[in-house]
Amino acid sequence: MNLLAIECSTEVLSVAVWASGELCERVQDVGVRHGDRLLPLIDAVLADARVDKLELSAVAFGCGPGAFTGVRMAVAAAQGIAYGLDIPALPVSSLAALAQEGYARGAVAPILALADARMGEVYAGGFEVDAEGLVYAVADEQLVAPAELALPGDNIWCAVGPGFRAYAPLLRERFGYRLDAIERSVFPQAAAVARLGARALRAGLGVPARQALPVYLRDKVALTEAERRVKQ
Amino acid sequence: MRVLGIETSCDETGVAVYDTELGLRAHALHTQAALHQDYGGVVPELASRDHILRLLPLVDEVLAQARLTRRDLDGVAYTEGPGLIGALLTGATLAKTLAWALAIPALGVHHLEGHLLAPLLEEPAPAFPFLALIVSGGHSLLMDVAGVGRYALLGDTLDDAAGEAFDKTAKLLGLGYPGGPALARLAESGDSASFRFARPLTDRPTLDFSFSGLKTQVLLAVQRNGPERHADIAAGFQAAVVDTLVWKCLRALDESGRERLVVAGGVGANLQLRERLREGTARRGASVHFPRPAFCTDNGAMIALAGALRLAAGEREDASIHAAPRRELASLTPP
Chain E
0 MNLLAIECST EVLSVAVWAS GELCERVQDV GVRHGDRLLP LIDAVLADAR
50 VDKLELSAVA FGCGPGAFTG VRMAVAAAQG IAYGLDIPAL PVSSLAALAQ
100 EGYARGAVAP ILALADARMG EVYAGGFEVD AEGLVYAVAD EQLVAPAELA
150 LPGDNIWCAV GPGFRAYAPL LRERFGYRLD AIERSVFPQA AAVARLGARA
200 LRAGLGVPAR QALPVYLRDK VALTEAERRV KQ
Chain D
0 MRVLGIETSC DETGVAVYDT ELGLRAHALH TQAALHQDYG GVVPELASRD
50 HILRLLPLVD EVLAQARLTR RDLDGVAYTE GPGLIGALLT GATLAKTLAW
100 ALAIPALGVH HLEGHLLAPL LEEPAPAFPF LALIVSGGHS LLMDVAGVGR
150 YALLGDTLDD AAGEAFDKTA KLLGLGYPGG PALARLAESG DSASFRFARP
200 LTDRPTLDFS FSGLKTQVLL AVQRNGPERH ADIAAGFQAA VVDTLVWKCL
250 RALDESGRER LVVAGGVGAN LQLRERLREG TARRGASVHF PRPAFCTDNG
300 AMIALAGALR LAAGEREDAS IHAAPRRELA SLTPP
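As given, the protein sequences belong to chains E and D, one line each in that order.
Be aware that the first sequence starts at 0, since it is given in numbering that gives the first Met the number 0, and climbs by one per residue.
Be aware that the second sequence starts at 0, since it is given in numbering that gives the first Met the number 0, and climbs by one per residue.
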């Protein structure tokens, strides 16, 4: 079973191949346009893994939430590749991928994955870790202002991600001892998407290409004319 | 060569298959007009969100129509620009990755080159060289077309595009968004002689257009008259735009000595414009060519066609997924 994975919901673009348990990953430096590097990186990581694209069994992708344009690039790429190769696509939460990267860097479950949603908000997701060392969601993902974020239960959560770094002082003050954190910069990456995608594929969660769709969480992106009149 | 065409530059998702031997095999379109209606204009983020939902179902639809499978495709053409960057990137990403997976070439096409070549989808197709009038919500261009990629700009709008003037005037008349076609329908019941609006720049040798002043005159007429005069105002407005476009086209034919005129873009579907250009070109012994109304507005067929002509001539591009939201048509080169 060979899996291609794509994640570009943040400024970090990465691709990975999971080939029968062996992982290869390529990460693009920040500052390069994702589109310029996506296909060359995919070719490179397939070569690293010695896998031909025709040998792929599925394509996993970070489906968001995250930067809209980046999320859509991963989704459109997964659609194009899954459709062209006639293989299933595997949507993987970009917050789950972030939590998984955090776990690999020492975060202790439960993990609070926080992505920067801009406009004073974060995308938040709560995760536990299973016996195989893979994260799974224990709370609905949400778009929330840091001042309104709630920590479920009464245990200690470990926060990771750009959403934590953007609001660290506020969050520490609000939650005190109940919030531990990975201070280093952690992003959702394709290696995590690949691991989580492999689990999803085993569980039969692959979808046809046309059902490979983004998760935005932020649904209100413009005001209607009627709403603008009310505001004036 | 069978080429899949993908158009996502604005608020229509268009997909088609063009065969360089057999011509257009299939086309399908999803329009987002209803999605943007409450916003009074296209919301770029909503446009992108809709494109990604519609693309693959439309690809399935055209392949089924054409009785082809994805493996029968020899290339993928997509709109590179101009247009909304997010919307363009959605189509470009799908096109490039699909082509990668199928191990066939993908090629970005200039949206206006698609419009310019759309009359070639019809029979009889006009032969090169010809003049082209592209009139839509975003453009009012007169081009000299010597061949694929051999374009010279003769005239452009200095302010609003002709279609934009139609839509803005429709809004003044309470016809909603996008109201250009509704305005043309209203004009049918009006008297175009009762309101005489200016024909901008027709008294000068330039082939450029200007439509924003016309909008102001319409605004004044709307303010000074009751709704019972709206049909007359619409007719007067349409006559002014059509007169202006016709005069410029005929002048360009006279000056260039070209014998064929092609008209493309959404305003090219306007019946009065078609009628007047037919008369005017016939008097000069020239011919005028229009795509069918469905190919006047944005569509995948014109992108499949333009991409197929370039791909078949051997044009290729690198693997980068990119968009060119503001590229000039005249900057294109032959394949």
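Backbone N, C-alpha and C define an ideal beta-carbon position, used for all residues, glycine too.
Query                                                                                                                                                                                 : Result
Around the Cβ of D:S188, are there at least 16 other Cβ atoms within 10 angstroms (buried) or fewer (exposed)?                                                                        : exposed
Measure from the C-beta of E:L38 to each C-beta in chain D and report whether the shortest distance is under 8 Å.                                                                     : yes
Can you check whether the C-beta of D:G85 is within less than 8 Å of a C-beta belonging to chain E?                                                                                   : yes
Measuring alpha carbon to alpha carbon, tell me which of E:Q27, E:E21, E:G20 and E:S19 ends up nearest E:C5.                                                                          : Note on identity: in this sequence residue 5 of chain E is Ile, with Cys being the wrong assignment. Per the Cα distances, E:Q27.
What is the rounded straight-line gap between the Cα of E:A199 and the Cα of E:C23?                                                                                                   : 19 Å
Shortest alpha-carbon distance to E:V16 belongs to which of E:V31, E:S56 and E:E10?                                                                                                   : E:S56
Rounding to the nearest angstrom, what Cα-Cα distance links E:A149 and E:L170 in this structure?                                                                                      : 10 Å
Can you tell me whether D:I103 is buried or exposed, with buried defined as 16 or more other CB within 10 angstroms of its CB?                                                        : buried
Could I get the ranges of all uninterrupted alpha helix (DSSP H) runs contained in the segment 198 to 229 of chain E, with 4 residues as the minimum, in chain order?                 : none
Would you grab the beta carbon distance between D:L101 and E:G101 for me? Rounded to a whole angstrom, and I think it's under 8 Å.                                                    : Between E:G101 and D:L101 the Cβ distance is about 37 Å, and since that is not below 8 Å, they are no contact.
Could you work out which residues of chain E lie near D:H321, taking near to mean beta carbons separated by less than 9 Å?                                                            : R32, G34 and D35
Buried or exposed for D:E11, please, with buried defined as at least 16 other CB atoms from any protein chain shown within 10 angstroms of its CB.                                    : buried
Between D:F236 and D:S139, how many whole angstroms is the CB-CB distance? I'm expecting something under 8 Å.                                                                         : Between D:S139 and D:F236 the Cβ distance is about 15 Å, and since that is not below 8 Å, they are no contact.
Give me the Cα-Cα distance between D:L83 and D:T19, rounded to the nearest whole angstrom.                                                                                            : 29 Å
Taking 8 Å as the threshold (C-beta atoms), are E:L3 and E:A197 in contact?                                                                                                           : no
Between the C-alpha atoms of D:I133 and D:G146, what's the straight-line distance to the nearest angstrom?                                                                            : 16 Å
Tell me whether D:T78 is buried or exposed, calling it buried when 16 or more other Cβ atoms sit within 10 Å of its Cβ.                                                               : buried
Closest to E:S92 by C-alpha separation, out of E:A46, E:G61 and E:V143, would be which residue?                                                                                       : E:G61
Can you name, in chain order, every residue of its own chain whose Cβ lies under 7 Å from the Cβ of D:D158, other than the five neighbours on each side?                              : S209, F210 and S211
Taking three-plus beta-carbon pairs below 8 Å as touching, is the segment 258 to 267 of chain D in contact with the segment 284 to 294 of chain D?                                    : yes
Quick check on E:E127: does DSSP put it in helix, strand or coil?                                                                                                                     : strand
Alpha carbon to alpha carbon, what distance is there between D:A161 and E:A123?                                                                                                       : 47 Å
For chain E, find out if any of its Cβ atoms is closer than 8 Å to the Cβ of D:P56; answer yes or no.                                                                                 : yes
Distance check for E:V214 and E:R194, CA to CA, integer angstroms please.                                                                                                             : 19 Å
Where do the ends of the beta strand (DSSP E) carrying D:E254 lie?                                                                                                                    : Unbroken run through D:E254 is the alpha helix (DSSP H), H229 to S255; no beta strand (DSSP E).
Bridge partners of D:S139, per DSSP?                                                                                                                                                  : D:V134
For E:A136 and E:E54, I'd like the C-alpha separation in whole angstroms.                                                                                                             : 30 Å
Assign D:R24 to one of three DSSP states: helix, strand, or coil.                                                                                                                     : strand
Quick one: residues in its chain with C-beta nearer than 6 Å to the C-beta of E:V50, no 5 flanking neighbours on either side, listed in chain order?                                  : N1, V16 and A18
Within this structure, are the beta carbons of D:L45 and E:V159 separated by less than 8 Å?                                                                                           : no
Which residues in the same chain as D:F194 place their Cβ atom closer than 7 Å to its Cβ, once the five residues preceding and following it in sequence are excluded?                 : A220, D231, I232 and G235
When you compare the CB of E:E140 with every CB in chain D, is at least one pair closer than 8 Å?                                                                                     : no
Does the segment 179 to 188 of chain D come close enough to the segment 273 to 286 of chain D to have 3 or more Cβ pairs within less than 8 Å?                                        : no
Using a C-beta cutoff of 8 Å, does D:D73 count as contacting chain E?                                                                                                                 : no
Determine, using beta-carbon pairs with one atom in the segment 101 to 117 of chain E and one in the segment 126 to 141 of chain E, whether at least three such pairs fall under 8 Å. : yes
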